[in-house]
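Encoded as structure tokens, the structure appears first; notes follow it.
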Amino acid sequence: MRKTELHSGWTVRATGGPVPPEIADVTVPAAVPGTVHTDLLAAGLIPDPYVGENEAALAWFHRSSWRYDTVLRAAPAAPGERVDLVFDGLDTVASIELDGVELGRTANMHRGYRFDVSGLLTGEDQTLTVRFEPALDHAEKVQQEIGERPRPYPHPFNAVRKMACSFGWDWGPDLQTAGIWKPVRLERWSVARLAAVRPLATRTHLTVAVEVDRPAAQSLSLEVLVGEGIRRRHPLPATGPASATVEIDVPDAPVWWPAGYGEQTLVPVTVRLLHQGDTLDRHDSQVGFRDVRLDESPDEHGTAFTLVVNDQPIFVRGFNWIPEDHLLTRITRTRLERAVDRAAAANANLLRVWGGGIWESDDFYDVCDARGILVWQDFPLACAGYAEEEPIRSEILAEARENVTRLAAHPSLILWNGGNENIWGYEDWGWKDALNGLTWGARYYYEDFPALLAELDPTRPYHPGSPSSPGQDAHPNDDRYGTRHEWEAWNREDYTFHDRFVPRFCSEFGWQAPPAWSTLTETLAPGDLRPDSPAFLLHQKAEDGNGKLNRGLARHMRVPSDFADWHWATQLNQARATRHAVLHLRSHAPRTMGSILWQLNDCWPVTSWAVVDGAERLKPAWYAARSAYAPRALGFVTREGGLMLAAINDTAEPWATTASIRQIAFDGKIAGERTVDLDVAAYGVSLTPIGELTVGDPAREVLVADAGGLRATHLFAEDYDLAYDPAPPTVAVRRVDTGYQVTVTATAYLRDCGLLADRVAPDATVDDMLIDLLPGESHTFSVTTTATVDDSAFLAALRSANSLAG
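Numbering (our numbering), first residue to last: 852 to 1657.
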């Protein structure tokens, strides 16, 4: 097998649609992999779609057509040689030509394509052309032919196999990219090639399933090498289907564990295809030996939903994951490493790859494998009805087969999920009347995907949809079974609404906030820094998003009129909502065994539920998630019996400590105190009733619990009624090699103190956030920056709940 990348010499030009005159007649260099957006950006022909109101100004892309060309010079196929032109990904509706001869047409960005060009290569210069038509035109045509299916947004994203959020989402732009978005190459081979290799590892066993492309009968064999000590030969039949399954017991295999539970040992697996002693082709991968199952056993509350890895039940501390950049070809392995590391640093052990995005890359899974971050992979079907007829059906099944095979080796992949909110939508969002008998996807979730996984990957559990209550005569979002999404809190209620439900596994919940201040100022002009500016609203995609932000604020604090204060208040409210919801869920373990916050990341600068914004800056909510997801956490929670101190121990060692519980006035006077011994079992939770308290002045007192270096606080009134001291604390600044040490000392009770580091310098980061200090207590923030900063800037960047009280 000889592979030659075809990534150089490409150009792109418009061939139709409402393309501006200054672009319509221009041919520009094209990066492959790439997209038209990134090529025109590089050529200086379009503005940055993420800045200001540029997204709307580029809507002409939706109906535009494009042509990519390059010169291909390749030797003719030798006798008995096959030459394939291979595209790993085309976005999306494309036709491929070689010297004007059409090789094929595509309409699915989620799969690869292979074309036999053995009889077309001349050894001279030939023109390789890829034409792209508007995916929106194609989707509208398909919808007209097979009937419209329900969806939450105007564009029929569910009628074409393109990333659903390409067409806009309640956090994403509507850009509708086009281009050769994955690698393209020539593959030259003789006799046979490896068409598919699926290494499936359990804790003590490896199954390697192999499919071979063999045009004619040949005597072939496979060689499988596992690590440094295991080698197996397996002959293939000379005629008939060229496929085999090699079973290898590995009783002493090193065990792969999720982060926090053990080591992430990866073992190389090489498969060679042999003919008369020569290697025709090879496939290299790595596996992790581990077992995984999903415990859905019935109990007194309903049915469990617990992921069990190597016989160890795992409380999932997770984040939902969307593509790191809407312009997908800008996502590098290094960027993925940074993003996954931010999740790991926030004490997460799982990322859920959401169904409105893409089948994530091998780079993403490699990074998760190495770090022990579990991955829940949705099939890419989200929030809509999906036709079970052609031309949709065969595309969905083809991409599923290809990607299940591609991802099978990765030990981090822990759960397959049929799709996002589709079963819920059918049941609850008026779809039944709208469909009027049309198919909507049930066959995929309940028949096709389970059958495909039984064939290709029986080692992992499957869940038909998130949310869903499989096997039950119950609503798909019933908190007694399966998975639950909690969106009433954000949409209509308040984050305290979480207290009303005890889900078995909450796979979506969250609260919005704007991005970091520097991200806003890099994206919006100074005159647009207000919640009602057209540019700000273009970067707030949620329905009535600002209204929900303000109503959420008004339940707890005054809604500031100053934009900078409003920005901080909404970020603070997101952080509090995050901590409240996560601690509520964790405190109910083992009845609840999963918390997947919506969402970790953003794909552009936007007001959203992400805890890391589109410029990779941490919001205060990231620090709240890190605290709430810590292996050992402390917090006050409510139960029917009243206020409780929850001590959560998600470690293998028992946690024995003493909690100091004090009722303290804001000026430091102690109104009451006691100590409580905490004895928390490994992977356990203890709840300590607080009992009746006599509160002298609810506006000026706080309940504080300190244990094992952790602190929890409880207030007796909402912020708008609390008598915070608005005077700033004292601040001392010291320059160090990495930046600055900023020591804050409280003169009165200081709540949720944080240093918004990017306000002092765009590159600045801070190690901690949301610190509660009692009078006389100090905390030192470590600020990392290359900038020289005046001391006064740190005082200006200091924020707290108190700073909103003045």
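Positions of the beta carbon are idealized from the N, C-alpha and C atoms, including for glycine.
Taking C-alpha atoms, which residue in Y1112, T973, I1081 lies nearest to A1503? Y1112
Endpoints, the beta strand (DSSP E) within which P1050 is located: 1044-1052
Using 8 Å as the cut-off, can you tell me whether the stretch 1287-1300 makes contact with the stretch 1230-1238, which would need three or more C-beta pairs spanning the two stretches below that distance? yes
Tell me whether the beta-carbon of P869 lies closer than 8 Å to the beta-carbon of W911. yes
Proximity winner among P1003, W1107, N1500, A1644, relative to G1535 (alpha-carbon distances): The residue with the shortest Cα to Cα distance from G1535 is N1500.
Per DSSP, what kind of secondary structure is V1546 in: helix, strand or coil? coil
Quick check on this structure: which residue in A1615, E856, V1584 has the alpha carbon closest to the alpha carbon of K1033? It is E856 whose Cα lies nearest to the Cα of K1033.
Look at the alpha carbon of D1229 and the alpha carbon of W1282, and state the distance between them as a whole number of angstroms. 21 Å
Please confirm whether P1540 and G1493 have their CB atoms less than 8 Å apart. yes
If you run the structure through DSSP and keep just helix, strand and coil, what is T921? strand
Straight-line Cα distance separating P1580 from T1509: 30 Å
Would you report the Cα separation of T1334 and L1448, rounded to the nearest angstrom? The straight-line gap from Cα to Cα measures roughly 13 Å.
Entirely within the stretch 1255-1294 and at least 3 residues each: give me those beta strand (DSSP E) ranges in chain order. Listed in chain order, the complete beta strand (DSSP E) runs (minimum 3 residues) inside the stretch 1255-1294 are 1264-1268.
For A1285, I'd like the list of residues in its chain whose CB is within less than 7 Å of its CB, leaving aside the five on either flank, ordered along the chain. P1001
Nearest to L1051 by alpha carbon, out of E1175, V1097, G1153? V1097
Would you kindly report the start and end of the unbroken alpha helix (DSSP H) that includes W1341? 1339-1342
Residue(s) in a DSSP beta bridge with T1310: None; T1310 has no bridge partner.
Just to confirm, is the Cβ distance from V1061 to V1048 under 8 Å? Result yes, Cβ atoms of V1061 and V1048 sit closer than 8 Å.
Is D1220 closer than 8 Å to L1117 when the C-beta atoms are compared? yes
Mind checking S1412: buried by the 16 CB within 10 Å criterion, or exposed? With fewer than 16 Cβ atoms within 10 Å of its Cβ, S1412 is classed as exposed.
Leaving out five residues before and five after P1613 in sequence, what residues of the same chain have Cβ atoms less than 6 Å from its Cβ? S1369
Going by Cα to Cα distance, which pick from R1562, F1356, L1621 is closest to R1168? F1356
With R1012 and A958 assumed to form a contact (beta carbons below 8 Å), what rounded beta-carbon distance in angstroms separates them? 7 Å
Roughly how many angstroms separate the alpha carbons of P1549 and N1397, rounded to a whole number? 30 Å
Looking at the structure shown, is Q1027 part of a helix, part of a strand, or coil, going by DSSP? coil
So within the stretch 1412-1471, which uninterrupted alpha helix (DSSP H) runs reach at least 4 residues, ignoring any that extend past its ends? You should have 1414-1438.
Would you report the Cα separation of Q1450 and V1462, rounded to the nearest angstrom? C-alpha separation (whole angstroms): 7 Å.
Buried or exposed: where does N1271 fall if 16 or more other Cβ atoms within 10 Å of its Cβ makes it buried? Taking every protein chain shown into account, the CB of N1271 has 16 or more other CB atoms within 10 angstroms, so this residue is buried.
Reference R933; option with closest CA among R853, R914, A1472, T866: R853
Could you tell me which of C1016, A1190, A1089 sits nearest to W1205, measuring between CA atoms? C1016
So, does the stretch 974-986 touch the stretch 937-950, judging by three or more C-beta pairs under 8 Å? yes
Over what stretch of residues does the beta strand (DSSP E) that includes W1227 continue unbroken? 1225-1229
Is C1234 helix, strand or coil by DSSP? coil
DSSP state of Y1591, grouped into three classes? Residue state, collapsed to three classes: strand.
Given 8 Å, three or more beta-carbon pairs between the stretch 1140-1160 and the stretch 891-910: no
Straight-line CA distance for W1040 to L1124? 12 Å
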